[in-house]
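Count along the sequence shown from 1, then add 1451; that gives the number in our numbering. Have a look at the structure below, then the notes.
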Amino acid sequence: MAATNASIFASSTQPCFSVTTRSHSITNTFGSNFLNVSLPRCYPMKERHVKVRHVVNAAAAVATSPTEEIQEYKLPSRAMFELGKAAVYWKTTNGVAPTSGEKLKLFYNPAAAQLAPNEEFGIAFNGGFNQPIMCGGEPRAMLRKDRGKADSPIYSIQICVPKHALNLIFSFTNGVDWDGPYRLQFQVPKPLQNKPIEFFNEGLAEELSKERACEQAIFPDTTAVIEKCAMIGNLSKERG
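Okay, here's the thing in structure tokens:
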């Protein structure tokens, strides 16, 4: 999926684009730093000169028209990802497919989409559960991993999937250009299978209505290993 600009945004006539960054001193529940982002609902102008002061302001790239269906992204081979033939790769803590209520680590290779990292914050992630607006309003800076002079860096971010999330719709940005949207489908635990879609939408809305719920669900990668996700909204986790 090639990097794109304003064509994938929801239509608006208000010109807007400024990139400001605050120092990465904000620490989330898991002790990892992230780039706090404020997103105006406006149409971004394509600009190559971006002032970065330390918070990225950019319109959310995951917004799509109601009739547009985002195809599910399939896991490529690790070799294809490392070589820049595929943009997205992921790992789970238990080695199975991404599952509702479990932890997930997403990796991004911007070279595959020809998306040039920002000189200050690199690449930021913007995503939402079940629909773009569920936690999709605040791009978070990803952890950069250098691979030497011969290979371009890759980026990662951690996801604690809410129990009622069926999929994740997400994009990546350097503050000017965007790559996406992508859609990652989650497996549903056996006790929740065959439930109507309203059950998941209502349950997800309740989970994410809690204070700092989105920060606990999507947060920057660290070198520390997070063994399990914090319970979002004090809801118990059901395993199949």
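Here a beta-carbon is modelled for each residue, glycine too, at the ideal position from N, C-alpha and C.
> Hey, is the stretch 1554 to 1569 in contact with the stretch 1597 to 1617, meaning 3+ C-beta pairs nearer than 8 angstroms?
Replying inline: yes
> Where does Arg1598 fall in DSSP's three states?
Replying inline: Per DSSP, reduced to three states, the secondary structure at Arg1598 is coil, with no helix or strand assignment.
> Cβ atoms of Gln1638 and Ala1548: under 8 angstroms apart, would you say?
Replying inline: yes
>> Within 10 Å of its beta-carbon, does Ile1620 have 16 or more other beta-carbons around it, so buried, or fewer, so exposed?
In response: buried
> Measuring CA to CA, which of His1615, Glu1523, Ser1660, Leu1557 is closest to Ala1595?
Replying inline: In the sequence as displayed, the identity of residue 1595 is Arg instead of Ala. Residue Leu1557 is the option with its Cα nearest to Arg1595.
> If you check the beta carbons only, do Val1612 and Gly1552 fall under 8 angstroms apart?
Replying inline: yes
> What does Glu1523 pair with, by DSSP beta-bridge criteria?
Replying inline: Looking at the DSSP assignment, Glu1523 forms a beta bridge with Arg1634.
> Can you list, in chain order, the residues of its chain whose CB lies under 6 angstroms from that of Tyr1540, leaving out five sequence neighbours each side?
Replying inline: Phe1532, Phe1558
> Where does Asn1625 fall in DSSP's three states?
Replying inline: coil
> What separation, rounded to the nearest whole angstrom, lies between the Cα atoms of Gly1626 and Gly1573?
Replying inline: The alpha-carbon of Gly1626 is positioned some 9 angstroms away from that of Gly1573.
>> Less than 7 angstroms between C-beta atoms, sequence neighbours within five positions excluded: which residues of the same chain meet that for Lys1536?
In response: Ala1563
> Taking Cβ to Cβ, would you say Ile1669 is nearer than 8 angstroms to Ile1610?
Replying inline: yes
> For the beta strand (DSSP E) that contains Ile1605, what are its first and last residues?
Replying inline: 1605 to 1611
> Under a Cβ-count criterion, where at least 16 other Cβ atoms within 10 Å of its own Cβ denotes burial, should Glu1658 be classed as buried or exposed?
Replying inline: buried
>> Counting C-beta neighbours from all protein chains within 10 Å, is the total for Asp1628 16 or more, i.e. buried, or is it exposed?
In response: Of the residues assessed, Asp1628 falls on the buried side of the cut-off, its CB having 16 or more other CB atoms within 10 angstroms.
>> My assumption, with CB atoms under 8 angstroms, is that Pro1561 sits in contact with Asn1577. Please give the rounded CB distance.
In response: No, Pro1561 and Asn1577 are not in contact; Cβ-Cβ is about 14 angstroms, not under 8 angstroms.
> For Leu1526, which residues of its own chain have a beta-carbon under 6 angstroms away from its beta-carbon, when the five flanking residues on both sides are left out?
Replying inline: none
> Under a three-way DSSP split, which group does Asn1652 fall into?
Replying inline: Note: Asn1652 maps to helix in three-state DSSP.
>> Applying the 10 Å Cβ sphere with the 16-neighbour rule, what's the burial state of Lys1641?
In response: exposed
> Terminal residues of the continuous beta strand (DSSP E) containing Phe1558?
Replying inline: 1554 to 1559
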